[in-house]
Each structure stands twice: as structure tokens, then as C-alpha cells.
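In my numbering, the protein residues as written are 7 to 427. What follows is one structure encoded as C-alpha cells, with my remarks underneath.
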Amino acid sequence: MKTLWTSTRSFTPAAQLLMVNQFAINLAFYMLMPYLAAHLAGPLGLAAWAVGLVLGVRNFSQQGMFLIGGTIADRLGPKTPIMAGCLLRTAGFALLGLVDSLPVLVLASAATGFAGALFNPAVRACLAAEAGDRRVEAFATFNVYYQAGMLLGPLVGLALLAADFRLVCLVAASIFAALTVLQWRRLPALRPEGSATSSGGGVLAQWRTVVANRPFLLFSCAMIGSYVLTFQVYLALPLAAGEAFGARGTQATSLLFVLSAAVAVTGQLRLTGWAKARWSHQQALVRGLALMGLAFTPLALTAAAGPAVPGAAQLVALALAVAMLSAGSAVVYPFEMDTVVALSGNRLVATHYGLYNTVSGLGITLGNLATGGLWDYATRHQALWTVWTALTLTGAFCAAAVLALGRTGRLTARPTVAAPA
7 MKTLWTSTRS FTPAAQLLMV NQFAINLAFY MLMPYLAAHL AGPLGLAAWA VGLVLGVRNF
67 SQQGMFLIGG TIADRLGPKT PIMAGCLLRT AGFALLGLVD SLPVLVLASA ATGFAGALFN
127 PAVRACLAAE AGDRRVEAFA TFNVYYQAGM LLGPLVGLAL LAADFRLVCL VAASIFAALT
187 VLQWRRLPAL RPEGSATSSG GGVLAQWRTV VANRPFLLFS CAMIGSYVLT FQVYLALPLA
247 AGEAFGARGT QATSLLFVLS AAVAVTGQLR LTGWAKARWS HQQALVRGLA LMGLAFTPLA
307 LTAAAGPAVP GAAQLVALAL AVAMLSAGSA VVYPFEMDTV VALSGNRLVA THYGLYNTVS
367 GLGITLGNLA TGGLWDYATR HQALWTVWTA LTLTGAFCAA AVLALGRTGR LTARPTVAAP
427 A
């Protein structure tokens, strides 16, 4: 904790605010979202298709709109979309707790998703601008706050849920309302270097500039697999826990979530410092991605051994997989975020982040479809080792792709483009 405090204090007040802001955003989000489906299906009595619609709209309105959010941030500066996103989350979360009409619930869900698309690229672009040459350290510290919010959010939500789901929603909405006021009062109205308005041109010209950045697009595609691997904490690993422990699979999954966040919170700064002192950015990315892929090998080995493997060994394999996956992700994240800024040439940074998140979101969707289909096939043929092997190979492919980009010079920072007078 002392290391986190020292690291946080070493950045500008605006950067510190963005880190605390992200902790509060995740705290409020994760105190509500894990329990929303049960509320919709239980007390509100919605059909399964309606529950899926509400949750799907939220995901689509966020993942599909990241480019819009990044574009707005580059045209107006990051403060406006950050405040607008927090304000939208305030209204959306309040509505989710107070209404039972399906059309209004869909509207509230869309608002909460679009809110994330507004402030996520803006926050990262603003943090990159504030950190200067210390972007890697800044994003490492930022990720500790990010993961801490994910860790505490479900616990706070569970405590409030004992009283009423509406209380969960109203407390979460109140946090976002407080954040809106805090950003308004404390966040400077920064204009990113090389922003859209300073360099001229409309939105289409702004998008053409980003799409024409071939090294950035190649890097975005190469990193898709890393997001597919990270998302298995929500898909394949809970399925494996249910397969291994039956009715106790839910408790095992909860422990895995806690372990994942705890590894990131306690190890992020140490792992980043260790990697930065010994490896280049490219080496950190490649080795972190390789570790993320290798995380699934313990599960492949236990699955290949057959049903005779005791439950304790399966739990150890799951815990080891989650710890390795979280550690690999912690190594990759700050160097990944820094590489996006470097490849942008410090120009239209938020728009680059927006497109990067949109590409990764599309990759997660397709990757989940493929993983789910392979899981069904493997379950029918009693060959779950194929799922874990495929995920391991995904990590190896990502690492090889990033290594190839580095060796051909495509990960070299683009020269900063000066804005015309």
C-alpha cells in the first residue's frame, strides 16, 4: 500500500484524480452489474430473452461506441466526455433500480453502456497526456485502482443487496453523481496534443487518419487474442468450475474472481517495475502474452488426465491458471497502453484508443462464440483438453504476432505530427 501511495503521489493532481476516478467507476459498476440479471429474472420476472436483451444492449452500446467516444474526446477535450459519461451512468443506474418497464430498462442499459464508451477512451488519453514520458508507470498504477474497484465492488454490492436491490442502484448512481461534480470542479480542461480541432478537418478526416495508421491497426489485430484470453475469467473458467464442483462451482468461481483481482492489485507495480528494468517494451509484451497463453496448460493437463483427477488438484489447476493469467495481463497492460500512444504519434490519441477498444470488443464477441462452440463440442466428446490447448495456442499466436511486428519495425513510435498553424 505504501508503494501504491508513493507511486500515486508522484503524478500530477489531474492524473491522481483520474486514478481515483477509475476506482470509483469500477466500484459502482461492479457493485451493481453482477446482480442485475438475477434482479431482472427474479423480482421483475422478465423472460430469459428479455434479460439477455437488456444485458446485450449494454454491451453493444459500449463496445460498439468506443470510437464515437474517442472521437468526441479528441474534438472537445477529455473533460466533457468524462463528465457526460458519469452523468449518463448516474441516470442509467438510477433507472435500473426504479423502473420495471422493459423499454425503459433497455434505454437505461444503453445509457450505461454508452457512458463507458464516452469516458473510457477520454480517461486513458488524458492520463497519457498527464504522464508524459512516464506512461508505463502511470498505466500500471492506474490498473491497480482499476482492479481494486473490481475487487471491492461485488462485495459492497452484496452487502447492500441484503437490504434492497434499489439501494444498490441508488448508491451506485450517487457515486457517479459525485464523480460528475468532482470532474467538473477538479479536472482541468485539457486539449490533447495533436487533437482533431487543432489539426483541422472533420470527423471523417479524423477517422481516415486513424484507419490509415497501418502499424496501429496491425497491433490492434495482434492483441485481440489477449482480450479473448482475459475474458475467460467470465466464460471458460466458470464453466470449468461448474464442471468440476457442480453446485459448489459458484463459490469456486467467486474465489477465482477474488484471486484474479488480488494478484493484479498486489503485484501490478512490482511486475511492471521488474519488467521495465529488464526488458524492452516489445519483450514485455511478447513474454506477458506468452504467460497468458501458458496459464491454461495446467487445466489442459488435468483435463487430459481424465475424471480420476481429485477435486483438490482441479482447484489448484484453476487457481494457478487464474494467477498466471492475471500476472501475464498485469505485465502486458501498461506496455500495451503505452504502445497505442506511441503508434498514434501522440495525435488523436483518444480516437486511437476508441478504435482499439472497438476492435478488441469485436474480437471478444467472436472469440467467445468460438470458445463456447468448442466447449460444447469438447464436452460431448469428453475432450475438454482441446479448449485449454486452443487457448494456449491463442496466447502463443498473439506473442508471435507482436514479435513479428517488432522485428519488422512496426512497433516503433511514429513521429509526432505538429499541428498546422
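Just so it is clear, CB atoms sit at the ideal spot from N, CA and C, and this is done for glycine as well. What you are looking at is a predicted structure, and each value in this text was computed from that prediction instead of being measured.
{"Item": "Measure the beta-carbon distance from VAL328 to VAL239 and round it to whole angstroms, keeping in mind my assumption that it falls under 8 Å.", "Value": "7 Å"}
{"Item": "Can you tell me whether DSSP reads LEU223 as helix, strand or coil?", "Value": "helix"}
{"Item": "With a threshold of 16 other CB atoms inside 10 Å of the CB of HIS387, please say whether the residue is buried or exposed.", "Value": "exposed"}
{"Item": "Return yes when the Cβ of TRP394 is within less than 8 Å of the Cβ of LEU305, no when it is not.", "Value": "yes"}
{"Item": "Which residue's Cα is closest to the Cα of ASN126: ALA137, ALA250, MET343 and THR14?", "Value": "MET343"}
{"Item": "Can you tell me which of ILE88, ALA168 and ALA242 puts its alpha carbon nearest to the alpha carbon of ALA184?", "Value": "ILE88"}
{"Item": "In terms of residues, what are the limits of the alpha helix (DSSP H) holding PRO304?", "Value": "303-311"}
{"Item": "In whole angstroms, what separates the C-alpha of LEU101 from that of THR215?", "Value": "38 Å"}
{"Item": "Among VAL271, ALA178 and MET229, which residue has its Cα nearest to the Cα of GLY159?", "Value": "ALA178"}
{"Item": "Among TRP280, LEU113, PRO19 and GLY98, which one has its Cα closest to the Cα of ILE181?", "Value": "GLY98"}
{"Item": "Is GLY255 closer than 8 Å to PHE403 when the C-beta atoms are compared?", "Value": "no"}
{"Item": "What is the rounded straight-line gap between the Cα of VAL150 and the Cα of LEU188?", "Value": "21 Å"}
{"Item": "Mapping the DSSP letters down to three states, classify GLN388 as helix, strand or coil.", "Value": "coil"}
{"Item": "Where PHE120 and MET37 are concerned, what is the direct C-alpha to C-alpha distance, given to the nearest angstrom?", "Value": "19 Å"}
{"Item": "Under the rule that 16 or more other beta-carbon atoms within 10 Å means buried, what is SER350, buried or exposed?", "Value": "buried"}
{"Item": "How far does the alpha helix (DSSP H) with ARG191 in it reach, from first residue to last?", "Value": "171-192"}
{"Item": "State buried or exposed for LEU381, treating a residue as buried only when at least 16 other CB atoms are found within 10 Å of its CB.", "Value": "According to the sequence displayed, residue 381 carries Trp and not Leu. Flag for TRP381 reads buried."}
{"Item": "Using only alpha-carbon positions, find the residue among PHE29, SER16, THR18 and THR14 that is nearest to PHE267.", "Value": "The question names Phe, but residue 267 in the sequence shown is Ala. The option with the nearest alpha carbon to ALA267 is PHE29."}
{"Item": "Around the C-beta of GLY83, are 16 or more other C-beta atoms found within 10 angstroms, so that it is buried, or is it exposed?", "Value": "buried"}
{"Item": "Check for me: the alpha helix (DSSP H) holding TRP436 runs from which residue to which?", "Value": "The structure shown does not extend to residue 436, since the chain spans only 7 to 427, so no value can be given for it."}
{"Item": "Note down the Cα distance separating ALA290 from ARG353, rounded to an integer number of angstroms.", "Value": "24 Å"}
{"Item": "With a threshold of 8 Å between beta carbons, is THR236 in contact with chain C?", "Value": "Absent here is chain C; the protein component of the structure consists of one chain."}
{"Item": "Does the Cβ of ALA5 have 16 or more other Cβ atoms within 10 Å, making it buried, or fewer, making it exposed?", "Value": "Missing from the structure shown is residue 5; the chain here goes from 7 to 427 and no further."}
{"Item": "Determine, using beta-carbon pairs with one atom in the segment 265-283 and one in the segment 162-175, whether at least three such pairs fall under 8 Å.", "Value": "no"}
{"Item": "Taking the C-alpha atoms as reference points, what is the distance between LEU275 and THR364?", "Value": "27 Å"}
{"Item": "Extract the residue ranges of the alpha helix (DSSP H) inside the segment 333-394, only unbroken runs of 4 or more that lie entirely within it.", "Value": "355-386"}
{"Item": "Beta-carbon within less than 6 Å of THR9's beta-carbon, same chain only, minus the 5 sequence neighbours each way: which residues are those?", "Value": "LEU275"}
{"Item": "Taking all protein chains shown into account, decide if SER16 is buried (16 or more other Cβ within 10 angstroms of its Cβ) or exposed.", "Value": "exposed"}
{"Item": "Counting pairs of beta carbons, one from the segment 42-62 and one from the segment 313-328, are three or more of them closer than 8 Å?", "Value": "no"}
{"Item": "ALA114 and SER67: beta carbons closer than 8 Å?", "Value": "no"}
{"Item": "Going straight from the alpha carbon of ALA195 to that of LEU111, what length do you get?", "Value": "33 Å"}
{"Item": "Can you give the Cα-Cα distance for LEU409 and VAL269, rounded to whole angstroms?", "Value": "26 Å"}
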